[in-house]
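**Student:**
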Amino acid sequence: MGRLVSEAGGRFCPICGRRAERYYEGLCEECYRRLHPLVEVPEEITVTMCKVCGAYMLGRKWVANRGPDPIKHAVEAVVKRSIRARGIVELVRVEYQRGVLRLVVRGRAVESMEPYEEEYECKLKFSWRFCDDCIQAKAGREVARVQVRAKDRSLSREEVKTVRKVVAEALESTMRRGLDLVEVVEDEGGIDLVFSSLSAAKTVVSALEREFVTDVLETRKSMGVDRSGRRRARSTFRVLLPQFRKGDVVESGGKLFYVTGIERGVVKAIDLATSRRIVLRASRALVKSSRIIVDRESLEPTMVISVGRREVQVMSLKNFNVYSIHFEKIPLWIK
C-alpha cells in the first residue's frame with residue numbers, strides 16, 4: 000500500500016508535472032492509479048465447457064453448472080479465477096461478445112482513496128469438450144449401482160412405481176438431469192439403477208431415504224487405476240425397505256403395532272397396547288428387527304356399528320359376526 004504524502008512547498012508530481020492535494024509514494028492520484036491497476040488480466044482467457052451438460056473446467060477440475068445461464072456463469076467463474084487483484088477490489092462486472100471480454104472493476108489502489116472504476120479488455124475463447132462424467136455416461140461405464148429391495152419379500156407394483164417417480168424427480172432437479180442413469184434393471188426381487196456418476200447415485204439414495212423408511216448400506220469395490228493413474232472404484236448402495244406394509248400388524252421392540260401408513264421416512268401406526276396413534280421414525284432397527292405378526296391379506300375386514308361409553312361393536316364383513324371390544328377410554332380416532 001502506498002504512503003500518503005500531503006502537498007507541501009510547491010511540490011509537483013514527477014510524472015505529469017501537476018500539483019495535487021495528496022500524493023501516493025510521491026505521485027498524484029491519477030498517475031499512481033495508472034501505474035497500479037486494480038487487477039492483472041491475461042491477454043486471453045479460455046473457458047472450457049462440456050458440450051453435453053454445460054459443466055465447466057475450473058483449474059483442473061470439472062464443476063457442475065448450476066446457474067440459469069450456464070455460459071455466463073462459467074465465464075464469470077473462470078474470469079474471477081484468471082484475474083489477479085493488486086488493489087482493493089469490491090466488484091467485478093463481466094461483459095462479453097464476439098470473442099471480446101470486457102471487465103468493469105470497482106475498487107481502490109490504496110485504502111485511503113475513494114472507490115473508482117477501471118475497464119479492461121482481453122480475448123475470450125471457448126473450448127467445447129466432453130466432461131469426465133459425460134465420457135463415462137457415453138461409454139455406459141458403471142461407477143455406482145443402487146439396489147432397491149424389501150426385506151424378505153418382493154417390491155410391490157406401487158413401490159416400484161414410486162421408486163421410479165422419486166428417481167426421475169431427483170435427477171430432474173440436478174444440472175445433468177438423467178444423463179448419468181445408464182440402465183434400469185427390474186426383476187422379481189426389486190429394481191437396480193446403474194449410474195455412471197457417484198454423485199448422481201448419492202442424490203437418488205438421499206431422495207429414496209426421504210420418501211421411504213429404509214436401511215442403506217454402501218459398499219465399495221476397487222477397480223484398479225485409470226489412464227491418469229487415479230484409483231477407480233465401484234460403489235453399491237443397497238436400499239432396503241421394511242418387510243411390513245400398510246395394513247400389517249407388526250412387532251417391534253417387544254410391542255405390537257398396526258401400520259396405518261408409510262410416508263416421508265416415517266411409519267404411522269396404532270399402538271395395540273394403548274390404542275393410541277403413534278409415529279415411528281425411520282431407523283435401521285425398525286427395518287431389520289421388526290417382524291410381521293399378521294399380514295394385511297390375513298386380516299378380516301370389519302365395520303364399526305356402534306360406539307358406547309367404554310365399548311365398541313364391530314361387525315365382520317366376511318361372516319357378519321358382531322364383536323364387542325372394551326376400552327378404558329374410547330380412542331378419538333374411533334369416534
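The sequence shown lines up with residues 0 to 334 when you count with numbering that gives the first Met the number 0. Ideal Cβ placement from N, Cα and C applies to all residues, glycine included.
Hey, arginine 148 and leucine 239: beta-carbon distance below 7 Å or not?
**Tutor:** As a position in the sequence shown, residue 148 is number 149, starting the count at 1. As a position in the sequence shown, residue 239 is number 240, starting the count at 1. Yes, the Cβ-Cβ distance between arginine 148 and leucine 239 is below 7 Å.
**Student:** Here's the rule: buried if 16 or more other CB atoms are within 10 angstroms of the residue's CB, otherwise exposed. What is isoleucine 333?
**Tutor:** By one-based count along the sequence shown, residue 333 stands at place 334. Classification of isoleucine 333: exposed, given that the 10 Å Cβ count is below 16.
**Student:** State yes or no: is the C-beta of glutamate 296 within less than 7 Å of the C-beta of lysine 317?
**Tutor:** The residue you call residue 296 lines up with position 297 of the sequence shown. The residue you call residue 317 lines up with position 318 of the sequence shown. No.
**Student:** Is glutamine 242 helix, strand or coil when you go by DSSP?
**Tutor:** By 1-based counting over the sequence shown, the position of residue 242 is 243. It is coil, neither helix nor strand.
**Student:** Between which two residues does the beta strand (DSSP E) holding aspartate 131 run?
**Tutor:** Against the sequence shown, residue 131 aligns to sequence position 132. Where aspartate 131 is concerned, there is no enclosing beta strand (DSSP E), although the alpha helix (DSSP H) it sits in stretches over 131 to 138.
**Student:** By Cβ distance, which residues of its chain are closer than 7 Å to glycine 260, with the 5 residues on each side in sequence left out?
**Tutor:** Here residue 260 is taken as the residue at index 261 of the sequence shown, counted from 1. Closer than 7 Å at Cβ, skipping near neighbours: Lys245, Lys267.
**Student:** Hey, could you find the ends of the beta strand (DSSP E) histidine 325 is sitting in?
**Tutor:** Counting from 1 along the sequence shown, the entry for residue 325 is found at position 326. 321 to 325 is the extent of the beta strand (DSSP E) around histidine 325.
**Student:** Going along the chain, which unbroken runs of the beta strand (DSSP E) with 3 or more residues stay wholly within the segment 47 to 93?
**Tutor:** Qualifying beta strand (DSSP E) stretches, in chain order: 55 to 57, 60 to 62.
**Student:** If leucine 378 sits next to isoleucine 44, beta carbons under 8 Å apart, how far is it from one beta carbon to the other, in whole angstroms?
**Tutor:** What is shown of the chain runs 0 to 334, which leaves residue 378 out entirely.
**Student:** Scan the segment 25 to 50 and note each continuous alpha helix (DSSP H) run of 4 residues or more that stays entirely inside, going in chain order.
**Tutor:** Those alpha helix (DSSP H) runs which fall completely within the segment 25 to 50 and span 4+ residues are 28 to 34.
**Student:** What residue range does the beta strand (DSSP E) around lysine 124 cover?
**Tutor:** The sequence position of residue 124 within the sequence shown is 125, counting from 1. Taken as a continuous stretch (DSSP letters only), the beta strand (DSSP E) holding lysine 124 covers 115 to 128.
**Student:** Quick one: residues in its chain with C-beta nearer than 6 Å to the C-beta of alanine 7, no 5 flanking neighbours on either side, listed in chain order?
**Tutor:** Within the sequence shown, residue 7 is the residue found at index 8, counting from 1. At alanine 7, the pLDDT of 46 sits below 50, so the modelled position is not reliable; the number obtained from the coordinates is stated separately. No residues qualify anywhere along the chain.
**Student:** Whole angstroms are fine: how far does the CA of serine 111 sit from the CA of leucine 90?
**Tutor:** Start at 1 with the first residue of the sequence shown, and residue 90 comes out as number 91. Start at 1 with the first residue of the sequence shown, and residue 111 comes out as number 112. So the two alpha carbons sit approximately 17 Å from each other.
**Student:** Alpha helix (DSSP H) containing arginine 308: first to last residue?
**Tutor:** Start at 1 with the first residue of the sequence shown, and residue 308 comes out as number 309. Counting along the chain, arginine 308 falls outside any alpha helix (DSSP H), and DSSP gives it neither H nor E.
**Student:** State the Cα-Cα distance for the pair glycine 1 and glutamate 42, rounded to the nearest angstrom.
**Tutor:** Taking the first residue of the sequence shown as 1, we reach residue 1 at position 2. Taking the first residue of the sequence shown as 1, we reach residue 42 at position 43. Caution applies to glycine 1, whose pLDDT of 43 falls short of 50 and renders its modelled position unreliable; the model cannot decide the point.
**Student:** Quick check on the burial criterion: 16 or more other C-beta atoms within 10 angstroms. Buried or exposed for aspartate 179?
**Tutor:** Taking the sequence shown and counting its residues from 1, one reaches residue 179 at position 180. With 16 or more other Cβ atoms within 10 Å, it is buried.
**Student:** Extract the residue ranges of the beta strand (DSSP E) inside the segment 143 to 189, only unbroken runs of 3 or more that lie entirely within it.
**Tutor:** Entirely contained in the segment 143 to 189, the beta strand (DSSP E) runs reaching 3 residues are, in chain order, 143 to 149, 180 to 185.
**Student:** Can you give the beta carbon distance from proline 241 to serine 289, rounded, assuming they're within the 8 Å contact cut?
**Tutor:** By one-based count along the sequence shown, residue 241 stands at place 242. By one-based count along the sequence shown, residue 289 stands at place 290. That pair is a contact at about 6 Å.
**Student:** Assign leucine 335 to one of three DSSP states: helix, strand, or coil.
**Tutor:** Summary: the structure shown does not reach residue 335, with the chain confined to residues 0 through 334, and so no result is reported for it.
**Student:** Anyone know if the C-beta pair for valine 38 and isoleucine 87 falls short of 7 Å?
**Tutor:** Residue numbering aside, residue 38 sits at position 39 when the sequence shown is read from its first letter. Residue numbering aside, residue 87 sits at position 88 when the sequence shown is read from its first letter. In this structure, isoleucine 87 does not lie closer than 7 Å to valine 38 by Cβ.
**Student:** Using only the alpha-carbon positions, how far apart do leucine 207 and alanine 272 sit?
**Tutor:** By 1-based counting over the sequence shown, the position of residue 207 is 208. By 1-based counting over the sequence shown, the position of residue 272 is 273. Cα to Cα, the separation comes out at about 32 Å.
**Student:** Would DSSP call alanine 7 helix, strand or coil?
**Tutor:** Locating residue 7 in the sequence shown gives position 8, counting from the first residue. No answer about alanine 7 holds up, because its pLDDT of 46 lies below 50 and its placement is not dependable.
**Student:** Measure the beta-carbon distance from valine 278 to valine 265 and round it to whole angstroms, keeping in mind my assumption that it falls under 8 Å.
**Tutor:** On the sequence shown, position 279 is the one that residue 278 refers to. On the sequence shown, position 266 is the one that residue 265 refers to. Rounded, the Cβ-Cβ distance is 5 Å, consistent with contact.
**Student:** Considering only C-alpha positions, which residue in the set Trp61, Thr161, Cys30, Leu285 is nearest to glutamate 132?
**Tutor:** In the sequence shown, counting from the first residue as 1, residue 132 sits at position 133. Just to set this straight, residue 132 is aspartate in the shown sequence, not glutamate. Of Trp61, Thr161, Cys30, Leu285, the residue nearest in Cα terms is Trp61.
**Student:** Do you know whose CA, among Glu141, Val313, Val212, lies nearest serine 198's CA?
**Tutor:** On the sequence shown, position 199 is the one that residue 198 refers to. Among Glu141, Val313, Val212, the Cα nearest to that of serine 198 belongs to Glu141.
**Student:** Count the other CB atoms within 10 Å of the CB of valine 286; is the residue buried (16 or more) or exposed (fewer)?
**Tutor:** Within the sequence shown, residue 286 is the residue found at index 287, counting from 1. Under this definition valine 286 is a buried residue.
**Student:** Which residue from Arg85, Pro13, Val103 puts its Cα closest to that of valine 93?
**Tutor:** Your numbering for residue 93 matches position 94 in the sequence shown. Comparing Cα positions, the closest option is Val103.
**Student:** With distance defined between alpha-carbon atoms, name the residue in Val193, Ser196, Thr202, Arg237 nearest to aspartate 339.
**Tutor:** Past the boundaries of the shown model lies residue 339; the chain is included only from 0 to 334, so the question cannot be answered.
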